[in-house]
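One rule links them: number in my numbering = place in the sequence shown (from 1) + 16.
Don't be surprised by glycine CBs; every beta carbon is placed ideally from N, CA and C.
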Amino acid sequence: MDEIINKVANSVLEVFDLEDYYPKGIRTQIDISQWLYEGFLLREKDFRESLKNHDWSQYQDQYVAVFCSTDAIIPAWARILVTVCAAPFAKKVVSGNLEDLETALYQEILPTIDYSQYDNKPVILKGCSKKPVPESAYVFAVQYLRPVAKSIMYGEACSAVPLYKKSKA
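Below is the structure:
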């Protein structure tokens, strides 16, 4: 009987897995609508009083996204003021939802990676993840990999989609 050979394991393919760079920590959303009159109207005095009485320490060392779940028209300073309150406790605060938060985290992380290990090698940008890696992170990652990689594929080794191949010129 012939021995089964794992060609993927023996290949020169390098796997770039965004999950490897996923920052550990709790992600939290702060919904501004909780401090609006009937969820829609910002009354400055009441809004400021609510922020003053809110327990900001509950966001200690967390990644925080500040958003509004209603269609309220909120002045720009409102999100900024919430950020001023949350920032002393949070690891990071962004304006937007949890996907915006993940995008911001990857925008910080990806430029700090040493991509030299992928120099002139075929790379698979691993597609399946158990963590909430946003699509935007893949877009950022391919921009860093393209200048160094010989080729870039997306997905898994068994079913990768070719994205880029360096010209032989």
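Residue from the options whose Cα sits closest to the Cα of residue i
i: ALA157; options: SER73, TYR122, ASP77; result: TYR122
i: LYS182; options: CYS101, THR119, PRO138, TYR38; result: PRO138
i: ASN136; options: LEU67, PHE63, ALA165, LYS147; result: ALA165
i: GLN45; options: LYS142, ASP116, VAL100, TYR37; result: ASP116
i: LYS146; options: LEU114, GLU30, ASP36, VAL28; result: ASP36
i: SER167; options: PRO178, GLU151, LYS107, ILE90; result: PRO178
i: ALA173; options: PRO163, VAL110, LYS142, SER85; result: LYS142
Supposed contact pair residue j and residue i - C-beta distance, whole angstroms, cut 8 Å
i: LEU34; j: TYR180; result: Contact doesn't hold; Cβ gap of about 17 Å is too wide.
i: PHE63; j: ALA94; result: 7 Å
i: MET169; j: ILE140; result: 5 Å
i: TYR75; j: PHE105; result: 5 Å
i: VAL149; j: TYR79; result: Actually they are not in contact, since the Cβ atoms of VAL149 and TYR79 sit about 14 Å apart, beyond 8 Å.
Buried or exposed (CB count within 10 angstroms, at least 16 for buried), residue i
i: PHE83; result: buried
i: TYR53; result: exposed
i: ILE96; result: exposed
i: ILE48; result: buried
i: GLU118; result: buried
i: VAL28; result: exposed
i: VAL98; result: buried
i: LYS184; result: exposed
i: LYS68; result: exposed
i: VAL24; result: Residue placement at VAL24 is poorly supported in this model, since its pLDDT is 49, which falls under 50; the coordinates still yield a value, given next. So VAL24 counts as exposed.
Contact under 9 Å by Cβ, residue i with residue j
i: ALA81; j: GLY112; result: yes
i: SER73; j: GLN50; result: no
i: LEU161; j: TYR134; result: yes
i: LYS107; j: ASP77; result: yes
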